[in-house]
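Chains as they are written, first to last, in the working numbering: chain A, 1 to 342; chain B, 1 to 342.
Every residue gets a Cβ at the ideal spot worked out from N, C-alpha and C, and that includes glycine.
Only a predicted model underlies this, so the values are computations on that prediction, with no experimental measurement involved.
Written out below as structure tokens is the structure these notes cover.
2 protein chains.
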Amino acid sequence: MEKKHILVTIPLSQEQRDALEQEGTQVRFRLGEALPSGRGGTLPFPQLLPAEPVTEEDMAWAEAILGNVAPELLKKAPRLEWMQTSSAGVEPYLHPGLLRPETALTNATGAYGLAISEHMLGMLLMVFKKLELYRDAQRREDWASQGQVRTLLGSVVLVMGLGDIGGDFARLCKAMGAYVIGLRRTPGPKPAFVDELHLTGELDSLLPRADVVAVTLPGTPRTRGMLSRERIALMKEGAVLLNVGRGYVVDTEALCDALESGRLGGAGLDVTDPEPLPPGHRLWQLPTAVVTPHVSGGYHLWETHERIAAIFAENLRRFLHGEPLKNQVDPASGYRRRDDST
Amino acid sequence: MEKKHILVTIPLSQEQRDALEQEGTQVRFRLGEALPSGRGGTLPFPQLLPAEPVTEEDMAWAEAILGNVAPELLKKAPRLEWMQTSSAGVEPYLHPGLLRPETALTNATGAYGLAISEHMLGMLLMVFKKLELYRDAQRREDWASQGQVRTLLGSVVLVMGLGDIGGDFARLCKAMGAYVIGLRRTPGPKPAFVDELHLTGELDSLLPRADVVAVTLPGTPRTRGMLSRERIALMKEGAVLLNVGRGYVVDTEALCDALESGRLGGAGLDVTDPEPLPPGHRLWQLPTAVVTPHVSGGYHLWETHERIAAIFAENLRRFLHGEPLKNQVDPASGYRRRDDST
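Here's what the structure looks like:
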């Protein structure tokens with residue numbers, strides 16, 4: 001049997017490389033793109049082996065790519081049968097003319113839930129306990145109460161998007177005693193980790209009930225601007241907005257207005273619009289806005305990197321055996337196929 | 001039957017007052033001490049009724065006190081049969097000569113677990129996710145990764161003190177996938193919310209195993225200085241220390257040295273020694289120290305206040321019916337009697 005040409009473009013340890021050197025493969029280890037723009041990029045995990053950047057010759061050779069490459073390079077890959085991203089978001093690869101129709105596209109859903117859901121809970125507890133204000137006070141060496149705080153126990157948390165990330169966050173909130181409302185695009189059975197399940201079309205009637213609105217939606221034409229000024233106005237007085245999906249799902253100016261006026265109680269934002277947030281943008285200095293620079297995912301957590309490597313190995317095994325791949329993305333919608341939970 | 005004279009010294013709503021106006025009581029509603037020094041004091045919950053400060057005449061009249069009063073006032077209370085604090089800590093009332101030997105002392109254990117355990121988890125996630133550094137970066141308008149972060153999943157959390165607060169924190173950590181080691185003073189069955197249970201004497205062998213050491217111990221002569229310089233040196237490289245018990249349980253200077261050198265990964269401190277932390281103290285400016293001004297408990301959370309009022313009502317019912325009181329404190333040890341879990 002002809003050996004399949006596999007191009008792997010993330011830094012890996014020897015053990016992780018070995019897991020990809022399967023019977024029937026010829027593997028090249030290269031360095032591709034960092035995770036999509038705004039992510040912190042690859043970090044120096046000590047065990048990782050060095051590698052050279054991807055070349056056009058690599059692209060001409062590759063039948064499968066595991067890891068992200070610069071999207072325009074895909075035009076140089078006439079033999080490509082399968083593209084497996086190391087990211088959950090795949091927008092850069094959806095533009096027409098990049099991937100051939102017969103090329104399968106799979107993402108790294110499942111790798112990021114742990115890291116991002118914990119980051120979300122950290123931002124939420126900061127805002128609920130005023131820890132962002134206490135941090136500012138600490139810098140001023142000011143020992144003074146900032147007043148009343150809030151609890152997750154009994155709080156209503158609306159989770160928009162019940163994929164890997166939204167699902168894990170819903171589980172954490174439920175474990176802390178919150179009442180969790182899940183929102184998703186397509187009908188399906190109610191998972192045990194939400195108290196209510198609704199469809200996206202019901203959003204307007206749910207926003208006034210939620211103490212916390214958590215956005216874990218991918219970036220698609222349908223999600224762009226979904227939390228518009230009108231919808232932010234529907235949110236409950238004092239509610240908290242979390243966003244780890246894409247910045248442009250939320251109307252930033254409307255959010256800033258609502259935080260500035262005190263109508264919203266706070267926000268935890270790992271993604272912004274514009275992104276990166278430019279110096280001088282008013283969001284930086286709003287006291288109850290907690291802003292992190294798109295770092296909740298990426299390779300910031302070692303476990304995320306390990307999970308990505310495990311997804312690569314499992315999908316490569318399936319690819320070589322002609323089995324259906326996991327995490328297939330429908331290029332038309334930008335959502336995963338089959339397990340259509342978001 | 002002679003009506004019992006009950007002095008209530010915390011602000012209450014009409015509904016909460018009604019719950020204390022029981023058959024067989026004559027109740028005076030006054031304002032006593034705020035919670036023990038360092039607490040944020042009473043906050044303006046909107047529904048609370050106004051009250052006058054406690055007088056010496058009130059003390060002479062009282063047969064039971066629900067709520068904290070200035071300790072020296074207890075010398076003016078010859079008829080006092082029962083003192084119920086609104087705080088979990090009771091050190092100020094343990095000094096010889098304040099309470100008569102026949103006066104029962106009960107505390108508000110059970111009221112604070114929710115508020116303080118969530119505050120602890122918030123501080124821990126801040127340090128694990130570098131959110132304190134991201135907050136500082138936000139103030140500088142700096143969009144840049146702070147590097148690798150950590151997860152609670154699989155982390156070893158050593159909880160010192162398994163009372164109300166330590167128990168609730170252990171439950172939260174376990175729900176997030178941590179491996180929880182509980183440490184307590186006296187033998188007893190292992191609660192379901194810890195993976196291992198040990199006695200205080202085993203502390204030195206446990207410290208090197210823990211990614212997180214969480215101190216929820218009360219202030220007693222035995223706990224003073226328990227986390228000495230020698231014991232801090234036994235902690236694992238990169239470990240995180242949380243303290244919500246009493247500041248003097250930890251050697252502050254040794255902790256500062258360990259944070260400054262990077263040997264410890266961070267700290268979340270709601271109590272300090274000295275307390276309040278004076279301006280110019282180096283702890284204020286250590287980047288990985290998260291300091292809050294003894295606010296995790298107090299009345300900062302509405303639910304805490306409601307739980308205190310409920311403890312008052314239940315113990316008052318027991319007092320009037322001659323039943324054993326809940327949360328009795330042994331003046332010799334400073335610990336609760338019977339349910340001796342810390």
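**OP:** Check whether the Cβ of A:V157 lies closer than 8 Å to any Cβ atom in chain B.
**Re:** Looking up residue 157 of chain A in the first sequence gives position 157. Judged by the 8 Å Cβ criterion, A:V157 is not in contact with chain B.
Original post:
Can you tell which of A:P53, A:A239, A:P78 has its C-alpha closest to the C-alpha of A:P11?
Top reply: Stepping through the first sequence from its first residue, residue 11 of chain A is reached at position 11. The candidate whose alpha carbon is nearest that of A:P11 is A:P53.
Original post:
Helix, strand or coil for A:N107 per DSSP?
Top reply: Along the first sequence, read from residue 1 onward, the residue named residue 107 of chain A stands at position 107. Looking at A:N107 - three-state DSSP - the assignment turns out to be coil, as it is neither helix nor strand.
Subject >> Runs of alpha helix (DSSP H) lying entirely within the segment 108-165 of chain B, each at least 4 residues, in chain order >> reply: 113-128, 131-139
Subject >> Cβ shell of B:L153 (< 6 Å), same chain only, five flanking positions each side left out >> reply: Here residue 153 of chain B refers to the residue found at position 153 when the second sequence is read from its first residue. Once the five neighbours on either side are set aside, the close Cβ partners of B:L153 are G177.
Original post:
So which of B:W284, B:N243, B:L197, B:A115 has the shortest CA-CA distance to B:G297?
Top reply: Residue 297 of chain B sits at position 297 when you count from the first residue of the second sequence. Ranking the options by Cα distance to B:G297, first place goes to B:A115.
Original post:
Ordered along the chain, which non-local residues of its own chain (more than five positions away) have a Cβ less than 8 Å from that of B:T85?
Top reply: Working through the second sequence from its first residue, we reach residue 85 of chain B at position 85. Only G67, N68, Y93, L105, T106, N107, A108 meet the Cβ criterion.
Original post:
With 16 other CB atoms within 10 Å as the buried threshold, where does B:R171 fall?
Top reply: Here residue 171 of chain B refers to the residue found at position 171 of the second sequence. When all chains shown are included, B:R171 counts as buried.
Original post:
Nearest to B:L250 by CA position, among B:P50, B:D18, B:T220, is which residue?
Top reply: By one-based count along the second sequence, residue 250 of chain B stands at place 250. Note on identity: in this sequence residue 250 of chain B is Val, with Leu being the wrong assignment. The option with the nearest alpha carbon to B:V250 is B:T220.
**OP:** Determine the closest residue to A:S230 out of A:T223, A:L207, A:V215, A:S333, with distance taken between C-alpha atoms.
**Re:** Position 230 of the first sequence, counting from 1, holds the residue named residue 230 of chain A. Checking the sequence shown, residue 230 of chain A turns out to be Glu, not Ser. It is A:L207.
Original post:
Since A:M126 contacts B:L131 with CB under 8 Å, what's their CB separation in whole angstroms?
Top reply: Counting from 1 along the first sequence, the entry for residue 126 of chain A is found at position 126. Counting from 1 along the second sequence, the entry for residue 131 of chain B is found at position 131. So it is a contact: roughly 6 Å between Cβ atoms.
**OP:** Would you be able to state if there are at least three C-beta pairs under 8 Å between the segment 251-263 of chain A and the segment 280-295 of chain A?
**Re:** yes
Original post:
In whole angstroms, what separates the C-alpha of A:V215 from that of A:T103?
Top reply: Working through the first sequence from its first residue, we reach residue 215 of chain A at position 215. Working through the first sequence from its first residue, we reach residue 103 of chain A at position 103. Distance between the alpha carbons of A:V215 and A:T103 is about 30 Å.
**OP:** Compile a chain-ordered list of the residues in the segment 220-243 of chain B whose CB is closer than 8 Å to at least one CB of chain A.
**Re:** none
Subject >> chain A contacts from the segment 106-129 of chain B (Cβ-Cβ distance under 9 Å) >> reply: L114, A115, E118, H119, L121, G122, M123, L124, L125, M126, F128, K129
Original post:
Just reading off the beta strand (DSSP E) that B:F29 is part of, what are its end residues?
Top reply: Position 29 of the second sequence, counting from 1, holds the residue named residue 29 of chain B. Run containing B:F29: 25-31, per the beta strand (DSSP E) assignment.
Original post:
Which residues bound the beta strand (DSSP E) around B:N68?
Top reply: As a first step, residue 68 of chain B must be located in the second sequence, where it is residue number 68. Premise fails: B:N68 is in no beta strand (DSSP E) and is neither H nor E.
Original post:
How about A:A175: is its C-beta nearer than 8 Å to some C-beta of chain B?
Top reply: Start at 1 with the first residue of the first sequence, and residue 175 of chain A comes out as number 175. Yes, contact with chain B.
Original post:
Any idea which residues DSSP pairs B:N243 with across the strands?
Top reply: As a working mapping, residue 243 of chain B is identified with position 243 in the second sequence. DSSP, once it has assigned bridges, lists B:V215, B:L269 as partnering B:N243.
**OP:** Give the DSSP-derived three-state secondary structure of B:A289 in the structure shown.
**Re:** The residue labelled residue 289 of chain B in the question sits at position 289 within the second sequence. Reduced to three states, the DSSP call for B:A289 is strand.
Subject >> Every unbroken beta strand (DSSP E) inside the segment 170-240 of chain B [3 residues or more] >> reply: 179-184, 196-199, 212-215
Original post:
Buried or exposed: which applies to B:Q146, given that a residue is buried once 16 or more other Cβ atoms fall within 10 Å of its Cβ?
Top reply: Numbered from 1 along the second sequence, position 146 holds the residue referred to as residue 146 of chain B. It is buried - the Cβ of B:Q146 has at least 16 other Cβ atoms within 10 Å.
Original post:
Under 7 Å Cβ-Cβ, which residues of chain B neighbour A:P276?
Top reply: Your numbering for residue 276 of chain A matches position 276 in the first sequence. Residues of chain B passing the Cβ test: W143.
Original post:
From this set, B:F193, B:L183, B:L217, B:A289, which residue's C-alpha is nearest B:D204's C-alpha?
Top reply: One-based indexing of the second sequence puts residue 204 of chain B at position 204. The shortest Cα separation from B:D204 among B:F193, B:L183, B:L217, B:A289 belongs to B:L183.
Original post:
Given that a residue counts as buried once 16 or more other Cβ atoms are within 10 Å of its Cβ, and exposed if not, what is B:H321?
Top reply: Numbered from 1 along the second sequence, position 321 holds the residue referred to as residue 321 of chain B. By the neighbour-count rule (16 or more Cβ atoms within 10 Å), B:H321 is not buried but exposed.
Original post:
How many Å lie between B:A88 and A:L325 at the Cα?
Top reply: Along the second sequence, read from residue 1 onward, the residue named residue 88 of chain B stands at position 88. Along the first sequence, read from residue 1 onward, the residue named residue 325 of chain A stands at position 325. About 56 Å.
Original post:
Just the Cα atoms here: how many angstroms apart are A:L98 and A:N327?
Top reply: Translated into the one-based positions of the first sequence, residue 98 of chain A becomes position 98. Translated into the one-based positions of the first sequence, residue 327 of chain A becomes position 327. Cα to Cα, A:L98 sits roughly 19 Å from A:N327.
**OP:** Out of B:V291, B:A64, B:G24, B:V157, point me to the one whose CA is closest to B:V194's CA.
**Re:** Here residue 194 of chain B refers to the residue found at position 194 when the second sequence is read from its first residue. The option with the nearest alpha carbon to B:V194 is B:V157.
Original post:
Could you give the C-beta distance for A:V343 and B:L301, rounded to a whole number, given that I count them as a contact under 8 Å?
Top reply: The first residue shown for chain A is 1 and the last is 342, placing residue 343 of chain A beyond what the model contains.
**OP:** Check whether the Cβ of A:V180 lies closer than 8 Å to any Cβ atom in chain B.
**Re:** For the purposes of this step, residue 180 of chain A is identified with residue 180 of the first sequence, where counting begins at 1. For A:V180, the answer is no, since every Cβ of chain B falls outside 8 Å of its Cβ.
Original post:
What is the rounded straight-line gap between the Cα of B:D330 and the Cα of B:R185?
Top reply: The residue given as residue 330 of chain B occupies position 330 in the second sequence. The residue given as residue 185 of chain B occupies position 185 in the second sequence. Distance between the alpha carbons of B:D330 and B:R185 is about 14 Å.
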